[in-house]
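Reading through the structure tokens given below for one structure.
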Amino acid sequence: MRRYLYCYNTIVSFSEPIGNHEFLIRCLPVLGEYMSVEEEHLVLPPDYWKHHGTDTFNNRIVYGGNREPHSALAYVSTGIISMHPYRINNDSLPFSIWLQPTHLTTIISSFSFPPSLLDDTKLAEMSLMEKAESIMHNVNSYLSYVPFSTDVETTAQEVVESRQGVCQDFSHLMIAICRIQGIPARYACGFVEGTGETHAWVEVYDAHQNCWVGFDPTHDIRIEYGYVKLAHGRDAADCPVSRGQYNGFTNQQTQINVILKEV
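Quick note, the sequence shown lines up with residues 1 to 263 if you use our numbering.
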């Protein structure tokens, strides 16, 4: 077992005052499974009301708002967790939802894939976990990590064509190929050890162990420690870390900083 300190802070600034601001955030670690939360704190401005709940996939959410005019929202999620190797028990949702393509994970045709990305003959000789690991390696080799080269609407098909993207795109492409191969796969997001912003990776279902296993195609590793999961879904659209809406015409800037450190 290992212990980690996490600190996630976000500042959303508006060029002009806004009103009727409502938000939904997923910034609290999953409970149970491979992590135990020893201590956690969520700090929001006192003039914001908030409620706690869960979404369709049982991810923890916090939602709330502020009706009065204001020009910024800042919040901090911090705490200490105890971590075992990354294994997540299966939930009650049907496997079919993790096998069906979504808008962000649809590949128009897998026949146009170069063998370096998808070699059906090679994969046929492997176990399910070996297939997932091979797909991860291929995605990591095929794509170049290029910040700001894509956005939240970029699809796996577009990533195949451009051969570049960020962690969300690496994950969507791996998920798309896994599903083509009949491997249940889903999108996960959270914190990775070090400093930076939020991160995305993939969970693949291991039928022999009856659990979900983590793979990070961006860093080309099978996950054991150093990843704090916040949420999962069919793709990134199911589990954004933060969403909001408000009244007003303004430019918005968001600053995010994440620290995850073993203690």
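For glycine and all other residues, C-beta sits at the position ideal for the given N, C-alpha and C.
In whole angstroms, give me the CA-to-CA distance for Gln245 and His21.
When the Cα atoms are used, Gln245 and His21 turn out to be separated by approximately 6 Å.
Identify every run of the beta strand (DSSP E) within the segment 31-70, keeping only runs that are complete inside it and at least 3 residues long; order them along the chain.
Along the length of the segment 31-70, whole beta strand (DSSP E) runs at least 3 residues long occupy 35-43, 49-54, 60-66, reported in chain order.
Residues in the same chain with beta-carbon distance under 8 Å from Glu38, minus the five sequence neighbours each way, listed in chain order, please.
Contacts found: Arg3, Gly79, Ile80, Ile81, Ser82.
List the DSSP bridge partners of Val146.
In DSSP, Val146 forms no bridge with anything.
Straight-line CA distance for Trp212 to Glu16?
Cα to Cα, the separation comes out at about 45 Å.
Backbone secondary structure at Ile107 - three-state DSSP
Correct three-state label for Ile107: coil.
Just to check my reading of the structure: His235 and Leu104 have Cβ atoms closer than 8 Å, yes? What is that Cβ distance to the nearest angstrom?
The sequence as given places Asp at residue 235; His does not occur at that position. The pair is a contact, with the Cβ atoms about 4 Å apart (cut-off 8 Å).
Are the CB atoms of Phe95 and His232 nearer to each other than 9 Å?
At least 9 Å separates the beta-carbon of Phe95 from that of His232.
Supposed close pair Ile88, Glu33 - CB separation, criterion 8 Å
The pair is a contact, with the Cβ atoms about 5 Å apart (cut-off 8 Å).
By the DSSP assignment, the alpha helix (DSSP H) with Glu161 in it spans what residues?
Membership of Glu161 in the alpha helix (DSSP H) is indicated by the continuous run 156-162.
May I ask you to list the residues that DSSP assigns as paired with His199?
As a beta-bridge residue in DSSP terms, His199 pairs with Gly190.
How long is the line joining the alpha carbons of Tyr187 and Ser127, rounded to whole angstroms?
Tyr187 and Ser127 have their C-alpha atoms spaced approximately 21 Å apart.
So what's Gln181 in DSSP terms, helix, strand or just coil?
Under the three-state reduction of DSSP, Gln181 is assigned to coil, being neither helix nor strand.
Taking Cβ to Cβ, would you say His84 is nearer than 9 Å to Met35?
Yes; because the gap between Cβ atoms is below 9 Å, this pair is in contact.
Could you tell me the boundaries of the beta strand (DSSP E) in which Asp216 lies?
Run containing Asp216: 211-216, per the beta strand (DSSP E) assignment.
Straight-line Cα distance separating Ser141 from Gln164
Their backbone Cα atoms lie some 11 Å apart in a straight line.
Do the CB positions of Met174 and Ile221 come within less than 9 Å of each other?
Taking 9 Å as the cut-off, the beta carbon of Met174 is found no closer than this to the beta carbon of Ile221.
With DSSP as the reference, identify every bridge partner of Glu125, one or two as the case may be.
According to DSSP, which records beta bridges pairwise, Glu125 is partnered with nothing at all.
Below 9 Å between beta carbons: does that hold for Tyr48 and Phe23?
Against a cut-off of 9 Å, the Cβ pair of Phe23 and Tyr48 comes out as a contact.
Residues in the same chain with beta-carbon distance under 6 Å from Gln255, minus the five sequence neighbours each way, listed in chain order, please.
Closer than 6 Å at Cβ, skipping near neighbours: Ile11.
With a CB to CB cut of under 8 Å and the five nearest residues on each side skipped, what residues in its chain are close to Ile223?
For Ile223, where only same-chain residues beyond five positions count, the Cβ hits under 8 Å are Tyr86, Trp201, Val213, Gly214, Phe215, Asp216.
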